[in-house]
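Enquirer: Here you go, one structure.
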Amino acid sequence: MKLIKFPEDEQIHKHSVEWWYFNGHLHDKKGNNYSFMNCLFKLNLKRVDLPFIKKIPINYVYSAHSILSDLTHKKVYPSIDYIVVVSKDSFSKPLLFINYTNPLMINGYVNCEIKETKLFEYKLKTENIDLTMKSIKKPVLEGGDGYVDLGSKKTYYYSLTNLKTKGRIRIKDKWIEVQGKSWIDRQWIDIKKFHGVNDMWNWFSIQLDNNTEIVCFEYDDGKTKTRLASISYRNNKQEHTNDVLIIPTGKKWISPQTKEGYFLSWKILIPSKNIELYVRPIIKNQEMRFGSLNYWEGPIKVTGKIKNKKVKGVGFLELVGRPFQITDAKFLVKSAIDVVKKAYFESKNLFGL
């Protein structure tokens with residue numbers, strides 16, 4: 499284990515898996531509300547057990563997932579690029595700089611960018627997002643030192659929980675000026691073999707109106723369950739505890755496409771900190787379909803109490819590792835073929851296979 503340092507650890511690492519994750523809640527001048535998630539993944543093909551990309555003849559591959567949601571009109575616009583090309587000059591500057599694109603270029607070239615202009619100030623640009631973000635709090639090092647033991651694996655993990663955000667988003671080819679608050683998560687994991695399909699987790703990023711933020715999760719690797727909550731108070735004081743209960747409430751939402759079931763409403767208890775929160779989804783149909791590696795990712799509303807004072811806010815919920823329930827063989831075969839064909843087509847176009 500080594501101590502996390504900034505800006506060094508915002509850059510790339512020689513680890514099995516790592517990602518640069520953003521989410522946020524935005525609004526326009528008319529009072530319409532929106533949310534977004536954008537994540538760039540880096541995978542070590544020698545260690546990651548994903549059958550549809552492991553035969554690509556390179557050591558590392560990048561993938562990009564994003565969701566833009568029109569919360570007022572209940573519309574969701576998901577996108578998955580199985581392979582993206584990262585520019586040669588990415589990670590070459592003192593502060594974080596990543597330039598990437600989908601190599602297919604069927605509908606024209608789109609330059610995507612994650613750029614740190616000053617320490618903890620960022621520009622995020624994709625096909626549908628063009629935002630600037632400025633952190634108004636110090637980073638949260640999960641668990642206190644940013645090195646979390648998950649039983650079968652250990653991960654470096656930090657978050658920027660409160661970023662003042664402005665810019666524009668594109669919905670149906672119309673650019674809309676917006677502002678709001680964002681969140682950044684960074685993790686990198688170094689293990690001999692990564693089987694993403696065997697792991698299950700429930701993860702919450704919570705931004706309360708009193709400028710308190712909480713990241714909490716329950717991680718199950720099939721043998722050990724790990725629970726952790728990290729709290730950033732409005733005065734920048736931080737606390738970390740394993741004393742957290744994450745309890746589903748209500749009925750599961752069943753995906754009409756995959757038939758997977760997801761609990762979308764939850765009760766979160768942190769008894770030692772006198773915290774009791776309730777979360778519910780803003781839009782239910784936010785499943786990201788990635789072959790058999792499907793997950794739910796979406797915005798939530800939060801209510802509850804901290805030390806007997808009422809609180810409310812927003813956040814994001816991520817649910818990964820649910821059993822694949824659909825029994826329609828034709829659907830399963832078609833899903834697998836679609837994933838393999840897209841990944842193969844992108845790699846063939848990129849590498850000349």
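In this note's numbering, each number is its position in the sequence shown, counted from 1, plus 498. No residue lacks a Cβ here, since even glycine has one placed at the ideal position from N, Cα and C. Computed from a predicted structure; not experimentally measured.
#1: Enumerate, from N- to C-terminal direction, the unbroken beta strand (DSSP E) stretches of 3 or more residues contained entirely within the stretch 678–741.
#2: According to the neighbour-count rule (16 or more other Cβ atoms, all chains shown, within 10 Å of its Cβ), is N708 buried or exposed?
#3: Exposed or buried, what is W673 when buried is set at 16 or more other beta-carbons lying within 10 Å of its beta-carbon?
#4: Shortest alpha-carbon distance to K771 belongs to which of E737, V582, L543 and T801?
#5: Who are the near neighbours of K828 in its chain, counting only those whose CB is closer than 6 angstroms to its CB and skipping five residues on each side?
#6: If you run the structure through DSSP and keep just helix, strand and coil, what is P576?
#7: Considering only C-alpha positions, which residue in the set I687, L743, V713 and L524 is nearest to S730?
#8: Between the alpha carbons of I669 and K721, how many angstroms are there, rounded?
#9: Give every residue of the same chain whose Cβ lies closer than 6 angstroms to the Cβ of L658, excluding the five residues on either side of it in the sequence, and list them in chain order.
#10: Are the beta-carbon atoms belonging to S533 and F761 less than 9 angstroms from one another?
#11: On a CA-only basis, which of V812, I689 and E619 is nearest K512? Give me that one, please.
#12: Pull the bridge partners of H563 from the DSSP assignment, please.
#13: My output table needs one value for P769: the three-state DSSP class, helix, strand or coil.
#14: Going by the CB atoms, is the gap between I781 and P797 shorter than 9 angstroms?
#15: How is D647 classed by DSSP in three states: helix, strand or coil?
#16: Measuring only the C-alpha atoms, how far is T624 from Y575?
#17: Tell me, please, whether the stretch 599–607 touches the stretch 579–591 by the rule of three or more beta-carbon pairs shorter than 8 angstroms.
#18: Taking the beta carbon of R732 as the centre, do at least 16 other beta carbons fall within 10 Å, making it buried, or is it exposed?
#19: Is the distance from the Cβ of F595 to the Cβ of K613 below 9 angstroms?
#20: Do the stretch 517–535 and the stretch 559–575 touch if we need at least three Cβ pairs shorter than 8 angstroms?
#21: Tell me the DSSP bridge mates of V812?
#22: Using 8 angstroms for Cβ pairs, my map puts L639 next to G811. What's the rounded Cβ distance?
#23: For D671, report the span of its beta strand (DSSP E) as first-last.
#24: Pop quiz: L538 and I667 are said to be a contact at Cβ under 8 angstroms. What is the actual Cβ separation, rounded to whole angstroms?
#25: Just to check my reading of the structure: Y558 and L543 have Cβ atoms closer than 8 angstroms, yes? What is that Cβ distance to the nearest angstrom?
#26: Rank Y654, S680, Y656 and L648 by C-alpha distance to the C-alpha of K662 and give the top, closest one.
#27: Taking the beta carbon of M499 as the centre, do at least 16 other beta carbons fall within 10 Å, making it buried, or is it exposed?
#28: With DSSP as the reference, label E625 as helix, strand or coil.
#29: Measuring only the C-alpha atoms, how far is D719 from Y654?
#30: Evaluate E675 with the Cβ neighbour count: other Cβ atoms within 10 Å of its Cβ, from every protein chain shown; 16 or more gives buried, anything less gives exposed.
#31: Spell out the partners DSSP gives I612 in its beta bridges.
#32: Short of 7 angstroms in beta carbon distance, which residues of its chain neighbour Q895, apart from the five on each side in sequence? Order them along the chain.
Expert: Let me lay it out:
#1: 698–706, 711–718, 723–730 and 736–739
#2: Stepping through the sequence shown from its first residue, residue 708 is reached at position 210. Result: exposed.
#3: Taking the sequence shown and counting its residues from 1, the one referred to as residue 673 is at position 175. By the 10 Å Cβ count, W673 comes out exposed.
#4: Start at 1 with the first residue of the sequence shown, and residue 771 comes out as number 273. If we check each option's Cα against that of K771, E737 comes out closest.
#5: Numbered from its first residue, the sequence shown carries residue 828 at position 330. Bear in mind that a pLDDT of 49 at K828, under 50, signals an unreliable position, so the model cannot answer this.
#6: Here residue 576 is taken as the residue at index 78 of the sequence shown, counted from 1. Three-state result, P576: strand.
#7: As a first step, residue 730 must be located in the sequence shown, where it is residue number 232. When only C-alpha atoms are compared, the closest one is V713.
#8: The residue you call residue 669 lines up with position 171 of the sequence shown. The residue you call residue 721 lines up with position 223 of the sequence shown. Each residue's Cα considered, the two are about 43 angstroms apart.
#9: As a working mapping, residue 658 is identified with position 160 in the sequence shown. The residues are S633, P637 and I682.
#10: Residue numbering aside, residue 533 sits at position 35 when the sequence shown is read from its first letter. Residue numbering aside, residue 761 sits at position 263 when the sequence shown is read from its first letter. No. Outside cutoff.
#11: Start at 1 with the first residue of the sequence shown, and residue 512 comes out as number 14. Here the closest residue by C-alpha is I689.
#12: Locating residue 563 in the sequence shown gives position 65, where the first residue counts as 1. For H563, which the question treats as bridged, DSSP gives the partners C537 and I578.
#13: Here residue 769 corresponds to residue number 271 of the sequence shown, with the count starting at 1. Residue state, collapsed to three classes: helix.
#14: As a working note, residue 797 is residue 299 in the sequence shown. As a working note, residue 781 is residue 283 in the sequence shown. Closer than 9 angstroms, so yes.
#15: Position 149 of the sequence shown, counting from 1, holds the residue named residue 647. DSSP places D647 in strand when its eight states are reduced to three.
#16: Taking the sequence shown and counting its residues from 1, the one referred to as residue 624 is at position 126. Taking the sequence shown and counting its residues from 1, the one referred to as residue 575 is at position 77. So the two alpha carbons sit approximately 13 angstroms from each other.
#17: yes
#18: Translated into positions along the sequence shown, residue 732 becomes position 234. With fewer than 16 Cβ atoms within 10 Å of its Cβ, R732 is classed as exposed.
#19: For the purposes of this step, residue 595 is taken as the residue at position 97 of the sequence shown. For the purposes of this step, residue 613 is taken as the residue at position 115 of the sequence shown. Against a cut-off of 9 angstroms, the Cβ pair of K613 and F595 comes out as a contact.
#20: yes
#21: Here residue 812 refers to the residue found at position 314 of the sequence shown. DSSP output for V812 lists Q705 and K799 as bridge partner(s).
#22: Position 141 of the sequence shown, counted from the first residue, corresponds to residue 639. Position 313 of the sequence shown, counted from the first residue, corresponds to residue 811. L639 to G811, Cβ: 22 angstroms. No contact.
#23: Here residue 671 is taken as the residue at index 173 of the sequence shown, counted from 1. It is not in any beta strand (DSSP E) - D671 carries neither H nor E in the DSSP assignment.
#24: Residue 538 sits at position 40 when you count from the first residue of the sequence shown. Residue 667 sits at position 169 when you count from the first residue of the sequence shown. 18 angstroms between Cβ atoms; not a contact.
#25: Looking up residue 558 in the sequence shown gives position 60. Looking up residue 543 in the sequence shown gives position 45. Going by Cβ atoms, the distance from Y558 to L543 rounds to 7 angstroms, so yes, they are a contact pair.
#26: Along the sequence shown, one-based indexing puts residue 662 at 164. Per the Cα distances, S680.
#27: The residue labelled residue 499 in the question sits at position 1 within the sequence shown. Its Cβ having fewer than 16 others within 10 Å, M499 is exposed.
#28: On the sequence shown, position 127 is the one that residue 625 refers to. E625: coil per DSSP, three-state reduction.
#29: Taking the first residue of the sequence shown as 1, we reach residue 719 at position 221. Taking the first residue of the sequence shown as 1, we reach residue 654 at position 156. If I take the Cα positions, the gap works out to 17 angstroms.
#30: Along the sequence shown, read from residue 1 onward, the residue named residue 675 stands at position 177. Per the 10 Å Cβ criterion, exposed.
#31: Along the sequence shown, one-based indexing puts residue 612 at 114. In the DSSP output, where bridge partners are listed per residue, I612 has I596 and L622.
#32: Coverage of the chain is limited to positions 499 through 851, which leaves residue 895 absent and any answer about it impossible.
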